[in-house]
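*Asks:* Residue numbers (my numbering), protein chains in the order written: chain X, 82 to 400; chain C, 82 to 400. Glycine included, every Cβ here is placed at the ideal spot set by N, Cα and C. Since the structure is predicted, the reported quantities are computational estimates derived from the model, not experimental observations. The structure that follows is given in the form of structure tokens.
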């Protein structure tokens, strides 16, 4: 075993720490989706998680692991998405100050979310360089600790607690699928399966448009995307040097899906399960529908990663 | 007690009969909505019910109560909405043939729903007279039994089973709210509260645009609507002579809400709870938000009646 990979004890400690601060999200099933796939599917609903996504788990754990000194100086992150809201709420719950750098063009609904949870927003220009520059400045000025949304071991361990609950509540899973963007959820899930249910495969679903993780597993080094043209706004990022070795060692496969396949899968979840998931969450079901033959007859776990979507701008409108 | 009102035994028998054929739907809560209202709200999720709405309960019970002879001739109803799908699925589960009269302009998604569940569709002209004519013809030709979606005692008793479960699972409710359209759910809920938790008030939420039930309670006779211009497509109908006496005797109040208030409440449920409910389901929350002062500090039960909504035509798009 690669020695950059955390131990079962690390994961157990994380689970114990995180549990009081997050919802134990329900597992839902749908007879119609089972019939459609020819398998039994179990959906772990992180869209019902606090702040609307699994990101709450990693944020809680990462802040808890700081020293008292670090906590007193606060945390800083840059994100236009779910991690910004998660860090804001997690920090509030733990009595820590949160500085959030958001691009000036971030959706109003996300800005409002961060404000609701008490995060202090600094706006940057809408590009990565400016976001990083602002975050650096805040770090220097305040002594706040920078939290990376996916390439941080404590964040990865926190994200793994969803799969621990999943395995505890549904012991017969042959495979668990998650979406893959920055790689935190996929790496955490792979760790949980490795230590808690080692016969369970772990598969990532990735948009073909930003299939850096798929290419990284092929080439053996971290690959990047030339653009971020996917509806799955949570998956536009690339892997990092902390989660990549875990994914390389413990993930079985990554399946790529088209934008149309993502929208179709999202529509099925909305219409059949009557729950709201964001496009990123639909990527694993899209992968299952694409590779039905492979998944036939299996007990399939799917982590529905989040439900933060702007309901005034949905991809179904042009039907 | 008015002797047209069923007994507790009737309700108990219904509950026993219906249970094996329906989902015991979950009760969800939302911290943010509690804060918004200043009360504890409990949402009984009939949007997760089979066929996507509480209507399944009444359909199952009504078909079960037919004689063997009646069952062999099938059932017929006319509906463009949830009752059509519910009767189709209930009949299929009970091995009974279902004839469904739908207006020729019914939404494709509803037609597909009925087909999926095996109902035999006959299209009528898009008006009530033509729908009734077609249903009569089918009754005569096949001997099928006509099932009214709300003004049928077995249907009303079936709808009451949602509130029985609600009271069993959440024993501290001060009040339960349901939407009111044809009156089946409201009457059934009032019966359940009367016999299972008599200190719990029952309140109906109704669109101001089609407030026939509100006016009926005032005038003491069944009133009708001059038009059906409400987004709450499940609530466009009026009360009937079987449910009206029950509602008169056992319902405390009906609160009317505007179209804007319905859309606002629906958006809150979608965004905060991450679940899909149809506009009719949002009417009770709209009523609570309108009369916050009255509801302050109470333990409030809300029956979310259904989740069958055309996601390509949502009222949020013009935000």
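Going along the chain, which residues of its own chain have a beta-carbon closer than 7 angstroms to the beta-carbon of residue 400(C), five neighbours each way excluded?
*Replies:* Locating residue 400(C) in the second chain gives position 319, counting from the first residue. A caution first: residue 400(C) carries a pLDDT of 45, below 50, which makes its placement in the model unreliable, though a value can still be read off. Answer for residue 400(C): no residue qualifies.
*Asks:* Going by C-alpha distance, which of 92(C), 113(C), 332(C) is nearest residue 277(C)?
*Replies:* Within the second chain, the letter at position 196 stands for residue 277(C). Checked all of 92(C), 113(C), 332(C); the closest Cα to residue 277(C) is 92(C).
*Asks:* Taking residue 156(X) as part of the beta strand (DSSP E), name the residues at either end of that continuous run.
*Replies:* The count along the first chain starts at 1 and reaches residue 156(X) at position 75. Residue 156(X) -> beta strand (DSSP E) spans 156-159.
*Asks:* According to DSSP, is residue 101(C) helix, strand or coil?
*Replies:* Here residue 101(C) is taken as the residue at index 20 of the second chain, counted from 1. DSSP places residue 101(C) in helix when its eight states are reduced to three.
*Asks:* How about residue 364(C): is its C-beta nearer than 9 angstroms to some C-beta of chain X?
*Replies:* As a first step, residue 364(C) is located in the second chain; it is residue number 283 there, counting from the start. Judged by the 9 angstroms Cβ criterion, residue 364(C) is not in contact with chain X.
*Asks:* What does the Cβ neighbour count give for residue 82(C), buried or exposed, with the cut at 16 atoms within 10 Å?
*Replies:* Indexing the second chain from 1 puts residue 82(C) at position 1. Reliability of the predicted coordinates at residue 82(C) is poor, the pLDDT of 49 falling under 50, and no value is obtained from them.
*Asks:* If you check the beta carbons only, do residue 385(X) and residue 127(X) fall under 9 angstroms apart?
*Replies:* In the first chain, the residue the question calls residue 385(X) occupies position 304. In the first chain, the residue the question calls residue 127(X) occupies position 46. It is a contact, given that the beta carbons lie within the stated cut-off.
*Asks:* Could you tell me which chain C residues have their CB closer than 9 angstroms to the CB of residue 102(X), listed as they occur along the chain?
*Replies:* Counting from 1 along the first chain, the entry for residue 102(X) is found at position 21. Those do not exist, as residue 102(X) stays about 13 angstroms from chain C at its closest Cβ, beyond 9 angstroms.
*Asks:* Quick one: grab the DSSP three-state call for residue 323(X).
*Replies:* Reading the first chain from its first residue, position 242 is the one you call residue 323(X). Here residue 323(X) sits in coil by DSSP.
*Asks:* Judging by CA-CA distance, which residue of 132(X), 130(X), 131(X), 106(X) is the nearest neighbour of residue 123(X)?
*Replies:* Here residue 123(X) refers to the residue found at position 42 when the first chain is read from its first residue. Measuring from the Cα of residue 123(X), the nearest candidate turns out to be 106(X).
*Asks:* Does DSSP classify residue 369(X) as helix, strand or coil?
*Replies:* Indexing the first chain from 1 puts residue 369(X) at position 288. Three-state DSSP puts residue 369(X) in a helix.
*Asks:* Which residues, in chain order, does the stretch 124-150 of chain X contribute to contact with chain C at a C-beta distance below 9 angstroms?
*Replies:* Residues passing the 9 angstroms Cβ filter: 126, 128, 129, 131, 133.
*Asks:* Between the Cα of residue 175(X) and those of 365(X), 366(X), 313(X), 102(X), spot the shortest distance and give me the residue it belongs to.
*Replies:* Taking the first chain and counting its residues from 1, one reaches residue 175(X) at position 94. Taking only the C-alpha atoms, the option nearest residue 175(X) is 102(X).
*Asks:* Report all residues from its chain with a CB closer than 7 angstroms to the CB of residue 211(C); omit the five preceding and five following residues, and keep chain order.
*Replies:* Counted from its first residue, the second chain places residue 211(C) at position 130. Taken in chain order, the residues that qualify are 205.
*Asks:* On the DSSP bridge list, what partners appear for residue 179(X)?
*Replies:* Position 98 of the first chain holds residue 179(X). In DSSP, residue 179(X) forms a bridge with 156(X).
*Asks:* Specify the secondary structure class of residue 387(C) as computed by DSSP and reduced to three states.
*Replies:* The sequence position of residue 387(C) within the second chain is 306, counting from 1. Strand, per DSSP.
*Asks:* Verify the CB distance criterion: does residue 190(C) have a CB-CB separation below 9 angstroms to chain X?
*Replies:* Numbered from its first residue, the second chain carries residue 190(C) at position 109. Yes - at least one Cβ of chain X is within 9 angstroms of the one on residue 190(C).
*Asks:* Just to check, is the beta-carbon of residue 257(X) closer than 8 angstroms to a non-hydrogen atom of the ligand COA?
*Replies:* As far as ligands go, the structure on display features none, and thus does not contain the ligand COA.
*Asks:* Return helix, strand or coil for residue 380(X), following the three-state DSSP convention.
*Replies:* As a first step, residue 380(X) must be located in the first chain, where it is residue number 299. Residue state, collapsed to three classes: strand.
*Asks:* Just reading off the beta strand (DSSP E) that residue 122(C) is part of, what are its end residues?
*Replies:* Counting from one through the second chain, the residue named residue 122(C) turns up at place 41. From DSSP, the beta strand (DSSP E) with residue 122(C) extends over 121-126.
*Asks:* Between which two residues does the beta strand (DSSP E) carrying residue 282(X) extend?
*Replies:* On the first chain, residue 282(X) is found 201 positions in, with the first residue counted as 1. Unbroken beta strand (DSSP E) run through residue 282(X): 282-288.
*Asks:* Using the Cα positions of residue 236(X) and residue 138(X), report the straight-line distance between them to the nearest angstrom.
*Replies:* Translated into positions along the first chain, residue 236(X) becomes position 155. Translated into positions along the first chain, residue 138(X) becomes position 57. Whole-angstrom Cα-Cα distance: 8 angstroms.
*Asks:* Please state whether the Cβ-Cβ distance between residue 172(X) and residue 132(X) is less than 9 angstroms.
*Replies:* On the first chain, position 91 is the one that residue 172(X) refers to. On the first chain, position 51 is the one that residue 132(X) refers to. Not a contact, by the Cβ cut-off of 9 angstroms.
*Asks:* Beta-carbon of residue 108(C) versus every beta-carbon of chain X: anything under 9 angstroms?
*Replies:* By one-based count along the second chain, residue 108(C) stands at place 27. Cβ-Cβ to chain X under 9 angstroms: no for residue 108(C).
*Asks:* In the DSSP assignment, find the beta strand (DSSP E) that holds residue 256(C) and state where it starts and stops.
*Replies:* Working through the second chain from its first residue, we reach residue 256(C) at position 175. Element bounds for residue 256(C): 256-260.
*Asks:* Compare the C-alpha of residue 289(X) against each of 267(X), 337(X), 383(X), 178(X) and name the closest.
*Replies:* Along the first chain, read from residue 1 onward, the residue named residue 289(X) stands at position 208. Measuring from the Cα of residue 289(X), the nearest candidate turns out to be 337(X).
*Asks:* Of the choices 218(C), 320(C), 297(C), whose alpha-carbon is the least far from that of residue 266(C)?
*Replies:* The count along the second chain starts at 1 and reaches residue 266(C) at position 185. Considering only alpha carbons, the answer is 320(C).
*Asks:* Between the stretch 306-326 of chain C and the stretch 281-296 of chain C, are three or more C-beta pairs nearer than 8 angstroms?
*Replies:* Cβ pair count under 8 angstroms is three or more, so yes.
*Asks:* Under the assumption that residue 191(C) contacts residue 149(C) (Cβ atoms under 8 angstroms), give the Cβ distance between them as a whole number of angstroms.
*Replies:* As a position in the second chain, residue 191(C) is number 110, starting the count at 1. As a position in the second chain, residue 149(C) is number 68, starting the count at 1. That pair is no contact at about 31 angstroms.
*Asks:* Quick one: residues in its chain with C-beta nearer than 6 angstroms to the C-beta of residue 368(X), no 5 flanking neighbours on either side, listed in chain order?
*Replies:* Residue 368(X) sits at position 287 when you count from the first residue of the first chain. Contacts found: 286, 336, 338.
*Asks:* How close, in whole Å, do the beta carbons of residue 195(X) and residue 183(X) come, if the pair is a contact with beta carbons under 8 angstroms?
*Replies:* Here residue 195(X) refers to the residue found at position 114 of the first chain. Here residue 183(X) refers to the residue found at position 102 of the first chain. Yes, they are in contact, since the Cβ atoms of residue 195(X) and residue 183(X) sit about 7 angstroms apart, within 8 angstroms.
*Asks:* If the criterion is Cβ atoms closer than 9 angstroms, does the pair residue 134(C) and residue 228(C) meet it?
*Replies:* Working through the second chain from its first residue, we reach residue 134(C) at position 53. Working through the second chain from its first residue, we reach residue 228(C) at position 147. No; because the gap between Cβ atoms is not below 9 angstroms, this pair is not in contact.
*Asks:* Between the Cα of residue 112(X) and the Cα atoms of 353(X), 232(X), 376(X), 201(X), which residue gives the shortest distance?
*Replies:* Position 31 of the first chain, counted from the first residue, corresponds to residue 112(X). Out of 353(X), 232(X), 376(X), 201(X), 353(X) has the C-alpha closest to the C-alpha of residue 112(X).
*Asks:* Starting from residue 207(X), follow its DSSP beta bridges and name the residues at the other end.
*Replies:* The residue you call residue 207(X) lines up with position 126 of the first chain. Residue 207(X) is not bridged to any residue.
*Asks:* Once DSSP output is grouped into helix, strand and coil, what is the label at residue 106(X)?
*Replies:* The residue labelled residue 106(X) in the question sits at position 25 within the first chain. Coil.
*Asks:* Once DSSP output is grouped into helix, strand and coil, what is the label at residue 190(C)?
*Replies:* Taking the first residue of the second chain as 1, we reach residue 190(C) at position 109. Reduced to three states, the DSSP call for residue 190(C) is helix.
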